[in-house]
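The structure under discussion appears below in the form of structure tokens.
Protein chains: 2
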Amino acid sequence: MLAEVLSIGNEVISGRILDTNAHWLSQRLEELGYRVRFHAAVGDDLDDLVEAFRRAAGRVDLVVASGGLGPTEDDLTRDALAAAFGLPLEINTEALDQIRALFARRQRAMPPRNELQARFPRGARAVRNPNGTAPGIELDVLRPGLSPLPNEGGSDALSGLPADRERCRIICLPGVPAEIVEMWNDSVARRLMEHNASGLRIVHKQIKCFGAGESQIEAMLPEGFVRQTDPRVGINASATTIIFRISAQAPTEEECRAKIAPAVETLYARLGELVFGEDDDELETVVCRLLAERRQTVGVIDCGSGGLVGERLAAVAGAAGGFRGSCAPATADALAHIAECFGLAANLTGTIASRGAAGSSDSPGPSAVAAALAETARLLWNSDWGLAVSPLPPEGPSASPPRPFAVAAADENGVKVKELPYAGHPAWLRAWISKQTLNTLRLALLRR
Amino acid sequence: MLAEVLSIGNEVISGRILDTNAHWLSQRLEELGYRVRFHAAVGDDLDDLVEAFRRAAGRVDLVVASGGLGPTEDDLTRDALAAAFGLPLEINTEALDQIRALFARRQRAMPPRNELQARFPRGARAVRNPNGTAPGIELDVLRPGLSPLPNEGGSDALSGLPADRERCRIICLPGVPAEIVEMWNDSVARRLMEHNASGLRIVHKQIKCFGAGESQIEAMLPEGFVRQTDPRVGINASATTIIFRISAQAPTEEECRAKIAPAVETLYARLGELVFGEDDDELETVVCRLLAERRQTVGVIDCGSGGLVGERLAAVAGAAGGFRGSCAPATADALAHIAECFGLAANLTGTIASRGAAGSSDSPGPSAVAAALAETARLLWNSDWGLAVSPLPPEGPSASPPRPFAVAAADENGVKVKELPYAGHPAWLRAWISKQTLNTLRLALLRR
Chain A
0 MLAEVLSIGN EVISGRILDT NAHWLSQRLE ELGYRVRFHA AVGDDLDDLV EAFRRAAGRV
60 DLVVASGGLG PTEDDLTRDA LAAAFGLPLE INTEALDQIR ALFARRQRAM PPRNELQARF
120 PRGARAVRNP NGTAPGIELD VLRPGLSPLP NEGGSDALSG LPADRERCRI ICLPGVPAEI
180 VEMWNDSVAR RLMEHNASGL RIVHKQIKCF GAGESQIEAM LPEGFVRQTD PRVGINASAT
240 TIIFRISAQA PTEEECRAKI APAVETLYAR LGELVFGEDD DELETVVCRL LAERRQTVGV
300 IDCGSGGLVG ERLAAVAGAA GGFRGSCAPA TADALAHIAE CFGLAANLTG TIASRGAAGS
360 SDSPGPSAVA AALAETARLL WNSDWGLAVS PLPPEGPSAS PPRPFAVAAA DENGVKVKEL
420 PYAGHPAWLR AWISKQTLNT LRLALLRR
Chain B
0 MLAEVLSIGN EVISGRILDT NAHWLSQRLE ELGYRVRFHA AVGDDLDDLV EAFRRAAGRV
60 DLVVASGGLG PTEDDLTRDA LAAAFGLPLE INTEALDQIR ALFARRQRAM PPRNELQARF
120 PRGARAVRNP NGTAPGIELD VLRPGLSPLP NEGGSDALSG LPADRERCRI ICLPGVPAEI
180 VEMWNDSVAR RLMEHNASGL RIVHKQIKCF GAGESQIEAM LPEGFVRQTD PRVGINASAT
240 TIIFRISAQA PTEEECRAKI APAVETLYAR LGELVFGEDD DELETVVCRL LAERRQTVGV
300 IDCGSGGLVG ERLAAVAGAA GGFRGSCAPA TADALAHIAE CFGLAANLTG TIASRGAAGS
360 SDSPGPSAVA AALAETARLL WNSDWGLAVS PLPPEGPSAS PPRPFAVAAA DENGVKVKEL
420 PYAGHPAWLR AWISKQTLNT LRLALLRR
């Protein structure tokens, strides 16, 4: 079935805000098996809105709109729906009850204006908004001539209507992203599953990888694995993390999971340690989980990502137990001063010298420096693990040929170092360095 | 004049990528005085594209499209333009020369496929793409019947055409955001200024504020100041920074600046130190600039933003000279260990105790702690300035009533402390803490 995502509001078309709703809704709709064919955005203008609704209803099976449901004069979604499909506006008691209940829960009197938010086109159903004053609107319209459907008498009558080529369903949600997410999880996803798949369940799973590029990872998989349709498998990259999204549709949740399982097994089998987690996992959450399981701690000396490694660890809820802190000197001079203050200078210099000597070069390479910094980080933070990023090469990421830097993780049993070229897309470079560092600790933890 | 922004590509409508191009282009178009009335996005489907171009050309004066200009089979923008407006595709020699020149500059042979990228609808003009293989396409079409304009014989003929209600201009750019920015600055903005304003110049200025909310700041300004139209003044908030955008249109740049100047003066006069910078300034760039002017350095101890204060300072190009580094202990225990290692514990405890005693409470408050940390940061980093965030209250940002934390900046002349409630929107909380910290240093620097 085809879908269109419609964004409503002057702030969207004028560029005052970035329209993340259309992006998020498209992802969710595709997961539910809809093919999103159009995005459209219009301002708070009645004529434009009416035309946008009529055009959308004429060319897809489902329209999901966001915005324009507030109580003020520039909120025109309700009026536009009524005008587009020739329906009178009337108080929807279900919607009014929801609005009143929300104000009652907040122990506030309901301003008379908010009653406007319950004026729905006749035949529309209310979509519960758990934490906002604007209930959503669900309306089925006939397609070709765009004449209204008879009033089916409430939300229960709805589930009996099969989706067909003659009808278009329109769902209008508020513009606030957080409310859209809540409403989606509360009831919209379920309603749409029924609409699209006659009661079929849909289950999704994400498998997340780090350490290789999208095409390199795809090449490790069986021919046709990505973009298979049952289960559906998609792959995309987000700031150097590679994410597989696997979705299955079946009568029961168990059958969905049974369809997903072989694809997940294939990913783990073929990609091995490139897979670092599932669903909401990030590298830092995985690292903190591994540390918590082992009742261990980590401290950081970061001369490369400007402190981003520590910031990611600090952001994990409950990380405090495992994460001791981060020290991010901005210059070689500042690093030397810190080491001196701590009485660590001799240790650091000695380690660098001995490691440098083991290599073939005269001056210590980034690997020797990173290793010594990781060992120093254990002392500095009094932690089980020391994690470090060596200073970045002075030439910058676009130097040719790229010069290396290194990341290292040390515990009492030794140190694991990874040398990397300082090169890459400027927008992702710091994120990539911080992820390489966290991933080095993850792999070291897995092997202890 | 009215404009529509059209995004082309399956990756946009399916939600695989977030469409930042439409957002960026809308902002630029509004700055040039266009009113953006619609956004639309379609996939790589010829029929959908043809319809989207025809519809857009029928309802606005300018269409700016992005995507679909590559050399592969799913790049259909050229074919769609030709089909939508009944124009034959033919090699545009200007475009072909640009493509050949790019490959020559890269010392690579041009693959035969890339010649496709010079197949333009008859009458179209090439838009230079300084660093990409896909030249943009500029095409003027007649509106009502959508019949093609006569071939005007090249780009020079263009500037003579006045914009009118009978014509729509279509500009097609590649999908790569960086190339769009380069092409915009290279020639598109200039072409559109001519198109929209018969040679009027447009000048923009941004004034950036921190330290108060959007409505609070607006209330400090004269009635009607925001949303005035000559010059145009807009206000918006971006992660707790408040940004005024002032745009003027006039025959010369001097006249534009003359129109803008009084509005800028009003902002500085009414908002005082709430204004921290202009245009591309961020708090960290301003702080680094002030430090550089004074040949001073700063070091950080950050128990509140997880290291974000230091990360922002480290991200400023050329900051290395003024920024010494950041130490971000995640726990009180780790902070104590660090202080002990450095032989700073006595100093820290003493300072906290003396400051705590000066206050009315028994245990030292966050202000005493922040002040002591800022003084300790100077020693730790051997820097002129010490900047610190006290540990956050254990209750979390949604506690009622909110408990305070504090930020402080110290130099040899003393310490400036600011106590703040630990409360606010979770999405911006860390950013807000880091900005409060940088702003405290900014204000302290201004007073030395």
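Here the protein sequences come in this chain order: A and B. Numbering-wise, the working numbering puts 127 at position 128 of the first sequence, and it's gapless, one number per residue. Numbering-wise, the working numbering puts 210 at position 211 of the second sequence, and it's gapless, one number per residue. Here a beta-carbon is modelled for each residue, glycine too, at the ideal position from N, C-alpha and C.
Chain A contact for residue i (CB, 9 Å cutoff)
i, result
"I12(B)", "yes"
"D73(B)", "no"
"E411(B)", "no"
"S6(B)", "yes"
"D139(B)", "no"
"Q248(B)", "no"
"S399(B)", "no"
"A314(B)", "yes"
"N235(B)", "yes"
"L372(B)", "no"
"A430(B)", "no"
"E292(B)", "no"
"G423(B)", "no"
"I245(B)", "no"
For residue i, the residue or residues it bridges with in DSSP
i, result
"L138(B)", "I169(B)"
"N438(B)", "According to DSSP, which records beta bridges pairwise, N438(B) is partnered with nothing at all."
"W384(A)", "V297(A)"
"V63(A)", "V4(A) and I170(A)"
"I90(A)", "R118(A)"
"H424(B)", "Its beta-bridge partners do not exist; DSSP assigns none."
"T228(B)", "R231(B)"
"G413(B)", "D410(B)"
Interface residues of chain C facing residue i [CB-CB closer than 8 Å]
i, result
"L17(A)", "Among the protein chains in the structure shown, which are A and B, there is no chain C."
Residue span of the alpha helix (DSSP H) that contains residue i, given as start and end
i, result
"C340(A)", "A331 to C340"
"D301(A)", "First-last for D301(A): V297 to D301, but that is the beta strand (DSSP E), not the alpha helix (DSSP H)."
"A371(B)", "P365 to W380"
"D47(B)", "L45 to R58"
"F84(A)", "T76 to F84"
"G488(B)", "Only positions 0 to 447 of chain B appear in the structure, and residue 488(B) is not among them; the question remains open."
Min CB distance residue i to chain B below 9 Å
i, result
"C208(A)", "no"
"Q295(A)", "no"
"D383(A)", "no"
"P129(A)", "no"
"G174(A)", "no"
"W380(A)", "yes"
"G324(A)", "yes"
"R269(A)", "no"
"A56(A)", "no"
"H203(A)", "no"
"E310(A)", "yes"
"H454(A)", "Not covered by the structure: residue 454(A). The range shown for chain A is 0 to 447."
8 Å contact criterion, which residue i and residue j should meet: CB distance rounded
i, j, result
"V59(B)", "A2(B)", "6 Å"
"P230(A)", "I245(A)", "5 Å"
"V416(A)", "A369(A)", "6 Å"
"V406(A)", "T436(A)", "4 Å"
N-terminal and C-terminal residue of the beta strand (DSSP E) that residue i is part of
i, result
"H203(B)", "R200 to C208"
"R323(B)", "F322 to P328"
"T19(A)", "From DSSP, T19(A) is part of no beta strand (DSSP E) but of the alpha helix (DSSP H) over T19 to E30."
"Q248(B)", "T240 to A249"
"N235(A)", "R231 to S237"
Same chain only: Cβ atoms within 8 Å of residue i, ignoring 5 sequence neighbours per side
i, result
"D43(B)", "I7, G8, N9, G67, D73, D74 and L75"
"G305(A)", "A327, A329 and R429"
"I179(A)", "N20, W23, L24, S65, L172 and P173"
"L95(B)", "E114 and A117"
Beta-carbon proximity list for residue i, same chain, < 6 Å, skipping 5 on both sides
i, result
"P70(B)", "R112, N113, L115 and Q116"
Close-in-space but distant-in-sequence residues of the same chain around residue i (CB under 7 Å, 5 per side omitted)
i, result
"G471(B)", "For chain B, the structure presents residues 0 to 447; residue 471(B) sits outside this window and is missing."
"A313(B)", "F322"
"A79(B)", "L45, L48, V49 and F52"
"L334(B)", "C302 and P328"
"E29(B)", "V35"
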